[in-house]
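Protein chains in written order, with this note's numbering: chain A, 1 to 498; chain B, 1 to 479.
Notes follow the structure.
Now the structure itself:
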């Protein structure tokens with residue numbers, strides 16, 4: 001048997017968490033352990049990226065019996081859709097350790113939960129068995145609950161405990177329906193029933209559902225729609241993102257939302273074939289695209305109105321994930337590729353934006369935009385990187401933000417999946433205009449007005465901070481200038497969509 | 001008359017009698033607990049050796065099969081953990097420490113026999129043996145709340161026994177036998193018209209028996225006693241009531257309904273009864289639990305809710321549903337015992353069961369807080385804990401049985417339950433500690449906590465071993 005790369009990547013963070021709880025004494029040792037046990041998975045996933053066979057298909061597959069009586073398997077594997085997500089997760093997981101370097105409250109618990117969280121998210125992207133997928137989908141809840149409710153923003157600025165439980169209840173509410181959906185799907189497969197996502201999505205299986213396929217589709221879909229989030233199910237997001245500690249916001253916006261998008265793509269497009277519940281997405285694409293456009297425009301409009309820097313970035317996610325929804329339900333190779341690119345790009349860009357907000361807050365202890373101003377003088381490096389991240393977010397060419405959004409628009413324009421696609425795309429493009437508005441206006445108010453005296457003498461980014469923010473910038477530019485690196489991996493997955 | 005088949009029960013009886021006798025001479029009462037735990041290895045060993053037997057004895061009164069042995073093992077394990085967790089608690093009593101352990105053991109005999117008989121009268125006698133011991137144990141603290149709880153439990157328990165007996169009388173009157181496997185032959189004749197209404201008396205008998213057993217498993221609408229009794233009883237006894245008593249109750253229900261009323265026409269009907277009672281139990285339990293401020297009361301309502309989930313497994317009349325119930329009981333026993341033992345350890349120090357007093361526990365005792373969290377997470381049903389697999393398995397069976405509506409009610413109930421379980425976690429982890437004083441726990445408590453929390457995780461990550469045992473245990477039932 002080949003080396004189980006995926007299992008190693010998946011469980012190293014948890015092993016690290018157990019080790020540091022048991023053995024690490026000094027906060028410094030804790031942080032170093034966390035750094036090591038998040039670096040190795042990152043390095044390994046980059047290695048997988050290099051070794052990945054560009055012609056497509058599922059690779060690095062591992063399979064073992066798990067619960068034989070119901071035919072549930074421990075089944076892992078990655079394809080061109082999940083591999084970028086795995087890399088994004090391990091990268092952000094590694095960076096999150098450095099973003100959290102200054103955490104001094106209950107250090108050990110914090111890094112343990114952070115590492116366990118990483119395992120949960122990775123598991124979602126790697127699982128090829130629906131029960132295993134669902135298990136990892138829920139594993140992430142408790143670490144997230146702890147991270148937000150203990151290390152989040154305390155009153156009066158935030159409502160960390162409220163936000164944490166809101167996040168959990170929203171997610172559990174969605175997974176409640178998803179569980180029912182998964183089970184009905186399981187019993188729709190011919191005996192012996194199977195949880196295998198690959199088999200179900202292969203299209204060779206004659207499904208015999210007891211309830212209409214569309215209802216199974218929506219039972220599962222609602223969990224992903226909450227996670228993505230789709231308007232009007234988005235209200236947990238601004239609270240959770242705003243009140244989470246910086247590193248957790250980075251991970252939340254960076255990869256946690258992608259779990260929703262990833263699930264949707266698997267549901268709609270499977271592994272490049274019919275999807276988990278075949279033949280439903282086409283019927284409802286026309287409705288979905290309306291929600292996509294509302295999410296884009298409503299999200300952007302709401303973002304314009306925010307005065308809290310972190311909340312502003314949080315709301316912008318609603319708008320940006322709307323593009324993903326648009327790309328998915330345009331059901332074309334190019335649009336689905338664009339959606340995947342947008343997931344990756346949003347993970348990097350918004351991850352960086354949250355990290356930058358964290359730095360600004362760290363230095364100034366202020367998040368209210370009206371109270372900030374002219375910071376470009378006091379913290380030039382932060383100002384420059386923040387601006388780059390902002391420009392990437394509004395889709396400036398040479399950044400991955402441009403490539404991703406452009407691909408979504410080109411892919412969705414003229415699709416046959418829903419009527420009047422041109423109109424919808426044009427409406428969605430208007431979201432970019434609003435995006436330029438809120439990003440530039442925010443940058444102007446925070447960095448480019450008259451400097452304020454009380455911020456004289458606040459420091460700029462230190463070397464460790466520079467290291468990780470530059471790493472983000474390099475990746476954003478690298479994939480922006482040479483997107484083939486990713487396109488070669490993602491493209492073949494959606495080959496059959498034409 | 002094969003006494004070998006009765007060896008687990010006989011040896012537990014022997015231990016109980018030995019405890020009473022030794023109580024007269026031993027001054028160091030902790031020794032009694034140690035002795036009973038060590039001696040419990042004997043019945044456990046008998047149970048393991050007997051695994052695979054399939055015999056009846058004493059004119060059909062005693063049935064030894066994998067099903068009964070699964071429950072005997074479970075009940076013995078629970079009893080051992082309860083005795084371990086009682087050691088510190090009981091030392092608060094000035095008198096009757098020996099009797100306490102003896103009563104726990106006697107009620108264990110009753111519960112084991114409940115799982116192991118194929119005859120109505122024996123079921124009733126076994127149930128009374130366990131109940132009467134438990135009435136005394138509930139009132140053992142002898143303070144106001146405990147006495148009230150004991151009295152309440154006894155009166156309501158006596159009524160429910162009467163109702164059960166009444167139901168059994170109907171069934172006996174109609175069939176002329178108390179043997180479960182003979183009842184089923186007669187019953188199919190009674191409803192040969194294809195309608196349950198052909199025999200209203202049988203229907204009444206079944207409903208009365210459901211009511212009697214419903215009391216034992218804390219199902220709505222027979223749950224009135226639960227919150228007061230759980231709050232007033234000594235905490236180890238609350239733990240014992242909530243898991244062992246419930247497990248034996250479900251054992252009897254499974255045995256009676258699958259053996260005596262196991263024909264498809266009937267199972268459709270009683271399946272629906274359990275589906276409705278299950279939906280009511282979990283909804284009432286979870287909704288009312290939100291309002292509780294005392295953790296024992298909260299877990300009392302959670303116990304009602306869990307009876308509801310378990311009844312989903314009964315409603316899904318199938319092999320998957322039956323084994324799901326067994327697995328759920330095992331995982332629920334571990335998680336609930338773990339939670340109660342953590343509560344015992346904390347209240348030994350703080351003397352309070354109010355959730356507000358758990359504030360800052362994560363700093364005062366990180367290990368206890370973590371274990372309590374794991375157990376509560378398992379009760380919600382979030383992976384990687386046994387509670388997740390257990391719920392998944394039972395819901396799986398229900399979907400197979402076309403009970404989508406019930407599953408949706410059940411999963412939404414799990415969402416509600418997350419709110420009140422996580423509130424305890426929140427208080428422990430984010431609240432301000434009332435004092436910085438550490439909360440020590442004795443070695444027996446630590447051992448019990450380690451076993452339960454590791455068990456909960458093991459059932460969540462690699463459930464296959466226990467699932468296979470559960471499947472082997474229910475294989476002889478049909479459909």
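For each residue, glycine too, the CB sits at the ideal point set by N, CA and C.
Rounded to whole angstroms, residue 358(B) and residue 19(A) show a C-alpha spacing of 28 Å.
If you check the CB distance, residue 33(A) and residue 111(A) come in under 9 Å. Residues of the segment 378–389 of chain B with a Cβ closer than 9 Å to any Cβ of chain A, in chain order: 380, 381, 382, 383, 384, 388 and 389. The segment 161–177 of chain A and the segment 406–417 of chain B touch, with three or more beta-carbon pairs separated by less than 8 Å. Here residue 491(A) is not near residue 348(A), since their CB atoms are 9 Å or more apart. Put simply, the CB of residue 355(B) is far from chain A, with every gap to its CB atoms at 9 Å or more.
A straight-line Cα-Cα distance of about 28 Å links residue 330(A) and residue 353(A).
Restricting attention to 359(A), 404(A), 345(A) and 293(A), the CA atom closest to the CA of residue 424(A) is found in 293(A). Per DSSP, the beta-bridge partners of residue 294(B) are 354(B).
Secondary structure at residue 66(A): strand, using DSSP grouped into helix, strand and coil. Within its own chain, the residues whose Cβ lies closer than 7 Å to the Cβ of residue 396(A), once the five positions on either side in sequence are excluded, are 402, listed in chain order.
Distance from the CA atom of residue 350(B) to the CA atom of residue 68(B), rounded to whole angstroms, is 40 Å. For the segment 182–201 of chain A, residues whose beta-carbon sits nearer than 8 Å to a beta-carbon of chain B comprise 183, 184, 186 and 187. Contact between the segment 480–498 of chain A and the segment 332–347 of chain A is established, with three or more Cβ pairs separated by less than 8 Å. Rounded to whole angstroms, residue 106(B) and residue 292(B) show a C-alpha spacing of 33 Å. For residue 83(B), the closest C-alpha among the options 50(B), 39(B) and 318(B) is that of 39(B).
In the assembly as shown, residue 104(A) is an exposed residue. Its beta-carbon has fewer than 16 other beta-carbons within 10 Å.
Between residue 314(A) and residue 391(A), the C-beta spacing is not below 9 Å.
A Cβ-Cβ separation of about 6 Å places residue 274(A) in contact with residue 201(A) under the 8 Å criterion.
Closest by C-alpha distance to residue 282(A), out of 217(A), 96(A) and 81(A), is 217(A).
Residue 100(A): not part of any beta strand (DSSP E); DSSP gives it neither H nor E. One thing to note: residue 304(B) has its Cβ within 9 Å of the Cβ of residue 220(B). Residues of the segment 402–419 of chain B with a C-beta atom less than 8 Å from some C-beta of chain A are 402, 404, 407, 408, 411, 412, 414, 415, 418 and 419, listed in chain order. When only Cα atoms are considered, residue 456(A) and residue 380(A) end up about 12 Å apart. Residue environment for residue 422(A): exposed (fewer than 16 other C-beta atoms within 10 angstroms of its C-beta). Per the coordinates, the alpha-carbon of residue 119(A) lies some 53 Å from the alpha-carbon of residue 205(B). Nearest CB-CB separation between residue 7(A) and chain B: not below the 9 Å threshold. With contacts defined by Cβ atoms closer than 9 Å, residue 160(A) and residue 107(A) do not form a contacting pair. Following the DSSP letters along the chain, one finds residue 358(A) inside the alpha helix (DSSP H) bounded by residues 333–364. Two segments are said to touch when three or more pairs of C-beta atoms, one from each, lie closer than 8 Å; by this definition the segment 254–262 of chain B does not touch the segment 156–165 of chain B. Exclusion of the five residues before and after residue 20(B) leaves 98, 99 and 102 as the residues of its chain whose Cβ lies within less than 8 Å of its Cβ. Using a Cβ-Cβ cut-off of 9 Å, residue 160(A) counts as an interface residue toward chain B, since at least one Cβ of chain B sits closer than that to its own.
Scanning its chain for C-beta atoms nearer than 8 Å, with the 5 sequence neighbours on each side dropped, one finds around residue 241(B) the residues 134, 138, 229, 230 and 233, in chain order. In terms of CA proximity to residue 61(B), 120(B) leads the group 49(B), 248(B), 72(B) and 120(B). Chain order gives no chain B residues near residue 126(A), where near means a beta carbon separation below 8 Å; the closest approach is about 15 Å.
Under the 9 Å criterion on CB atoms, residue 449(B) is classed as non-interfacial with respect to chain A.
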